[in-house]
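Chains as they are written, first to last, in this note's numbering: chain X, -2 to 360; chain B, -2 to 360.
Please read the structure below before turning to the comments.
Protein chains: 2
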Amino acid sequence: MAQQHPEPSAARTAPEPAAPTPPRRRSRPTIGDVAALAQVSKATVSFVVNGRAGVSPRARQRVLEAAAALGWQPSAGARALSTRRAQALGLVIRRPPELLSTDPFFPQFVAGVESGLSPLDYALVLQVVETEEAERNAYERLSHDGRADGVFLTDLQLDDRRPALTDRLGLAALIIGPGRPDSPVPAIGADDAEGVRRAVEHLHALGHRRIGHVGGAEGYVHAEARRRAWMTALDDAGLPEGPLEAADFTGAGGARATHQLLDLPDPPTAILYANDLMAIAGIAAATSRGLRVPQDLSVVGFDDIPLAEYIAPPLTTIRQDVIAWGRAAAQQLVSLTQGHPFEAPALPPVEFVVRVSTAPPAS
Amino acid sequence: MAQQHPEPSAARTAPEPAAPTPPRRRSRPTIGDVAALAQVSKATVSFVVNGRAGVSPRARQRVLEAAAALGWQPSAGARALSTRRAQALGLVIRRPPELLSTDPFFPQFVAGVESGLSPLDYALVLQVVETEEAERNAYERLSHDGRADGVFLTDLQLDDRRPALTDRLGLAALIIGPGRPDSPVPAIGADDAEGVRRAVEHLHALGHRRIGHVGGAEGYVHAEARRRAWMTALDDAGLPEGPLEAADFTGAGGARATHQLLDLPDPPTAILYANDLMAIAGIAAATSRGLRVPQDLSVVGFDDIPLAEYIAPPLTTIRQDVIAWGRAAAQQLVSLTQGHPFEAPALPPVEFVVRVSTAPPAS
DNA sequence: TTGTAAGCGTTATCAG
DNA sequence: CTGATAACGCTTACAA
């Protein structure tokens, strides 16, 4: 008899009245308090709050009353520890500050994600990083610390290593935007091509034949998708190849690219931009050269930022319902973390919003 | 003998090879694994990772090596449960989607907060809500679930009930923006007045005497602060009261307010807007009436969104370093959650950025 | 300096 | 259907 067992069950039954922990001012009621008040076991309380079968109506009723009386709600942290699930999703953003502050994407996306998450009682933990190393680190920590059950992968690059990373970590992940065919991670993205096609058709119908494109930052999958969509649409419309200028989604880049395009010996009569920010900067650039928009140059943006309607001239642009996208993404990712197979949800179709910045070409 | 105890201690030592839990593929190493590998106790490992004294260099070394070998990092959830601290801060955003997507504030603020938080190893959990009820609920849950140790209070309203709420919850909180004198919650905000004063002086120096203001949504403390700053600056400059139009920070509101002001019998020759979005919409509104900016109307914004520089004409505006603000706020709030007294940190001064949208008045 | 063991608030297992 | 009781992974007295 090397060890003496102090009658475990008896010892655990008695201490309550002995007040071994009097100074312990417990701030919030626990499941134990509720169980005691309802005169049931903790397990029963747990069953009740989790809506599981196997609880008598009477017991359930008492539990509910006790919980209400105590104002008790289960602790997310304790639950997470027990279930090994954080009940939270992670979003890591790596973008230059310049882009972060005007791009309407993230605020809307986050709002959409939240609207999808809150009914499910999931939280969103956010990280903003600057370097790729910090980004990878963030994903590892999120997974490792048990802070998130799944993560969104945004701004995917052509040679992105994150899908492999999350795969290795065994972390559920979902790519936001056009995916890569060989990726181990599913993707959910709005159909950029449809909007671009409509824009090109619109310009074509107006009589434009030289339709240029100012693209987004090279290396990004979504920038590439828009570029490709533009080329395809041109081709489908029977139009010649248009001049292309790669930019970086910033106002400065948009302005510079616009000047480049307009400096061409045979400049385009219409330009399709990969985002509104560049398009608006492009309008200003054209205006500063004495060109009138839309008489001398038609401009089409992408995103439909709130400002698009309130600049001069109001911007014709392609709008996607980013909020709905975020919501769908959140629901899908939660579903993935629960082990369900990926199922591409239907996203609302892109809209093409015609305003004033497009018109028939001058000549 | 009602119960039979299966020799608990022995049972706990043996089960490993007996494979009572063979399918339990433990995904991440635990502190126990590290302790075992390092041949020390869990407590020692804990001491090492938490940088506490009382560990021999040898033991520390072994622990470090073991942790590295196993790729172990402490679990945030378990730590939170034990310490009753989430090591996370909460940010609840309640804004109409329209405002959320163009306002440069939140993305920048979040970026700043992150830069302050990541060195401290704190996370940021975000919630976006629509109603006031949902907002209050969010704070309660954040506190109750133990998901956040402290929260930021943004977009404070004049009769805001959140300070009282967080106070009651015993949740550390920090108001972002101008605070209320009687508030139980400390505030950290950029000095709007200084920027507004510089703007008014600039316009005054150009020769303007009728300087209008398009304000932000009524009821908000920061909108009120800018309004008041404008009135004070006018007074200090010896200028007469200017016409005021309350708007709502949106493009639509800015355009409407601008028309109202310009419809006045004696319209202002310069307008100061409470944000850039309204200012840009105001420029478009004025332009649509045949007015030229800045010849016929000078326009000053507030925020310096990235686009401000790339519209026609480039916008004169007031810039605050929101990222630095966010970083300082994060550090302060963490400090508050740790029980330290509030200490107002120095924020970088606002800058007044003169571009092209301001010029001497026509007459 | 190090180890033991008792929490932290849940969920899960498994006898009654 | 119900109730003990053992995890979950960590921190932290308290002993040794």
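Ideal Cβ placement from N, Cα and C applies to all residues, glycine included.
Only a predicted model underlies this, so the values are computations on that prediction, with no experimental measurement involved.
> If you draw a straight line from the alpha carbon of residue 221(B) to that of residue 290(B), how long is it in whole angstroms?
Replying inline: Here the question's residue 221(B) lines up with position 224 in the second sequence. Here the question's residue 290(B) lines up with position 293 in the second sequence. Each residue's alpha carbon lies about 27 Å from the other.
> Can you name the residues of chain X whose CB is closer than 7 Å to the CB of residue 25(B)?
Replying inline: Along the second sequence, one-based indexing puts residue 25(B) at 28. Simply 141.
> Which class does residue 316(X) belong to by DSSP, given the choice of helix, strand or coil?
Replying inline: One-based indexing of the first sequence puts residue 316(X) at position 319. Strand.
> Near residue 292(X), what residues of its chain come up, given a Cβ to Cβ distance below 8 Å and the 5 sequence neighbours on each side ignored?
Replying inline: Sequence index remark: in the first sequence, residue 292(X) carries index 295 (1-based). The residues are 356, 359.
> chain X beta carbons: is any one of them nearer than 9 Å to that of residue 100(B)?
Replying inline: Counted from its first residue, the second sequence places residue 100(B) at position 103. So yes, residue 100(B) belongs to the interface.
>> For residue 354(X), which residues in the same chain have their Cβ closer than 6 Å to its Cβ, ignoring the five residues on either side in sequence?
In response: As a first step, residue 354(X) is located in the first sequence; it is residue number 357 there, counting from the start. If we look at residue 354(X) and ignore the five residues flanking it on each side, its Cβ neighbours are 290, 291, 296, 310, 312, 313.
>> Classify residue 53(X): buried if its beta carbon has 16 or more other beta carbons within 10 angstroms, exposed otherwise.
In response: To locate residue 53(X), count along the first sequence from 1; it is residue 56. So residue 53(X) ends up on the exposed side.
>> Can you pull the chain B neighbours of residue 75(X), defined as C-beta to C-beta under 7 Å?
In response: Locating residue 75(X) in the first sequence gives position 78, where the first residue counts as 1. Ordered by position in chain B, the residues that pass the 7 Å Cβ test against residue 75(X) are 78.
> Any idea what DSSP makes of residue 248(B), helix, strand or coil?
Replying inline: Counting from 1 along the second sequence, the entry for residue 248(B) is found at position 251. DSSP places residue 248(B) in helix when its eight states are reduced to three.
> Counting Cβ pairs closer than 8 Å, one from the stretch 35 to 44 of chain B and one from the stretch 53 to 63 of chain B, do we hit at least three?
Replying inline: yes
> When burial is assigned at 16 or more other CB atoms within 10 Å of the CB, is residue 351(B) buried or exposed?
Replying inline: Position 354 of the second sequence, counting from 1, holds the residue named residue 351(B). Answer is exposed; the Cβ neighbour count stays below 16.
> Which class does residue 205(B) belong to by DSSP, given the choice of helix, strand or coil?
Replying inline: Residue numbering aside, residue 205(B) sits at position 208 when the second sequence is read from its first letter. If DSSP states are grouped into helix, strand and coil, residue 205(B) belongs with coil.
> Got a sec: which bits of the stretch 302 to 327 of chain X sit with their beta carbon under 7 Å from any beta carbon on chain B, in order along the chain?
Replying inline: 302, 303, 304, 306, 307, 308, 309, 320
>> For residue 4(X) and residue 29(X), what's the separation of their Cα atoms in angstroms?
In response: Locating residue 4(X) in the first sequence gives position 7, counting from the first residue. Locating residue 29(X) in the first sequence gives position 32, counting from the first residue. Residue placement at residue 4(X) is flagged as unreliable, the pLDDT there being 32, under the threshold of 50; a coordinate-derived value is accordingly withheld.
>> Can you look up residue 302(X) in the DSSP assignment and give me helix, strand or coil?
In response: Here the question's residue 302(X) lines up with position 305 in the first sequence. Coil.
>> Against chain X, does residue 53(B) count as a neighbour if the rule is that its beta carbon must be under 9 Å from one of theirs?
In response: Sequence index remark: in the second sequence, residue 53(B) carries index 56 (1-based). No, its Cβ sits nowhere closer than 9 Å to a Cβ of chain X.
>> Here's the rule: buried if 16 or more other CB atoms are within 10 angstroms of the residue's CB, otherwise exposed. What is residue 210(B)?
In response: To locate residue 210(B), count along the second sequence from 1; it is residue 213. Residue 210(B) is buried by the Cβ-count criterion.
>> In this structure, how does DSSP classify residue 83(X) when only helix, strand and coil are distinguished?
In response: For the purposes of this step, residue 83(X) is taken as residue 86 along the first sequence, with counting starting at 1. DSSP places residue 83(X) in coil when its eight states are reduced to three.
> Roughly how many whole angstroms lie between the Cα atoms of residue 181(X) and residue 330(X)?
Replying inline: The residue labelled residue 181(X) in the question sits at position 184 within the first sequence. The residue labelled residue 330(X) in the question sits at position 333 within the first sequence. When rounded, the distance between both Cα atoms is 14 Å.
> Since residue 147(B) and residue 78(B) are thought to touch, with beta carbons under 8 Å apart, how far apart are those beta carbons, to the nearest angstrom?
Replying inline: One-based indexing of the second sequence puts residue 147(B) at position 150. One-based indexing of the second sequence puts residue 78(B) at position 81. About 18 Å; that fails the 8 Å criterion.
> Which residues in the same chain as residue 187(B) place their Cβ atom closer than 7 Å to its Cβ, once the five residues preceding and following it in sequence are excluded?
Replying inline: In the second sequence, the residue the question calls residue 187(B) occupies position 190. Here the set comprises 317, 322, 344, 347.
>> Suppose only complete runs of 3+ residues qualify. What are the beta strand (DSSP E) ranges in the stretch 137 to 200 of chain B, listed by chain order?
In response: 147 to 150, 169 to 173
> Got a sec? Which residues, its chain only, sit under 6 Å from residue 241(X) by beta carbon, not counting five neighbours each side?
Replying inline: As a working mapping, residue 241(X) is identified with position 244 in the first sequence. Around residue 241(X): 210.
> Beta-carbon separation of residue 174(B) and residue 153(B) under 9 Å?
Replying inline: Taking the second sequence and counting its residues from 1, one reaches residue 174(B) at position 177. Taking the second sequence and counting its residues from 1, one reaches residue 153(B) at position 156. Yes; because the gap between Cβ atoms is below 9 Å, this pair is in contact.
>> Strictly below 8 Å CB to CB, what residues from chain B border residue 373(X)?
In response: Given a span of -2 to 360 for chain X in the structure shown, any question on residue 373(X) remains unanswerable.
>> Only counting the same chain, and skipping five residues up and downstream in sequence, which positions put a Cβ closer than 7 Å to that of residue 135(X)?
In response: Taking the first residue of the first sequence as position 1, residue 135(X) is located at position 138. Taken in chain order, the residues that qualify are 89, 124, 126.
> If we ignore side chains and look at the alpha-carbon of each, how far apart do residue 41(X) and residue 69(X) end up?
Replying inline: Counted from its first residue, the first sequence places residue 41(X) at position 44. Counted from its first residue, the first sequence places residue 69(X) at position 72. Going by the C-alpha atoms only, they are around 15 Å apart.
>> Below 8 Å on the Cβ atoms is my contact criterion, and I expect residue 268(X) with residue 304(X) to pass it. Report the Cβ-Cβ distance as a whole number of Å.
In response: Against the first sequence, residue 268(X) aligns to sequence position 271. Against the first sequence, residue 304(X) aligns to sequence position 307. Not confirmed; about 18 Å, so no contact.
> How would you call residue 272(X), buried or exposed, if buried means at least 16 neighbouring beta carbons within 10 angstroms?
Replying inline: Position 275 of the first sequence holds residue 272(X). Answer is buried; the Cβ neighbour count reaches 16.
> Skipping 5 residues on each side, what residues in its chain have a beta carbon closer than 7 Å to that of residue 196(B)?
Replying inline: Working through the second sequence from its first residue, we reach residue 196(B) at position 199. Excluding sequence neighbours, residue 196(B) sits near 269, 297, 315, 349.
>> At the 9 Å Cβ level, is residue 116(X) part of the contact set with chain B, yes or no?
In response: For the purposes of this step, residue 116(X) is taken as the residue at position 119 of the first sequence. Not an interface residue.
>> Let me make sure I understand the geometry here. Which of 254(X), 120(X), 132(X) has the alpha-carbon closest to that of residue 138(B)?
In response: Against the second sequence, residue 138(B) aligns to sequence position 141. Out of 254(X), 120(X), 132(X), 120(X) has the C-alpha closest to the C-alpha of residue 138(B).
>> Going by DSSP, what residue range makes up the beta strand (DSSP E) through residue 121(X)?
In response: As a first step, residue 121(X) is located in the first sequence; it is residue number 124 there, counting from the start. First-last of the beta strand (DSSP E) with residue 121(X): 120 to 126.
>> Buried or exposed, going by whether 16 or more other CB atoms sit within 10 Å of the CB of residue 219(X)?
In response: To locate residue 219(X), count along the first sequence from 1; it is residue 222. Classification for residue 219(X): buried.
> Along the chain, which unbroken stretches of the alpha helix (DSSP H) at least 4 residues long are found entirely within the stretch 26 to 85 of chain X?
Replying inline: 28 to 35, 39 to 46, 54 to 67, 73 to 80
>> Would you say residue 249(X) lies against chain B (beta-carbon separation less than 9 Å)?
In response: The count along the first sequence starts at 1 and reaches residue 249(X) at position 252. Output row for residue 249(X): interface = yes.
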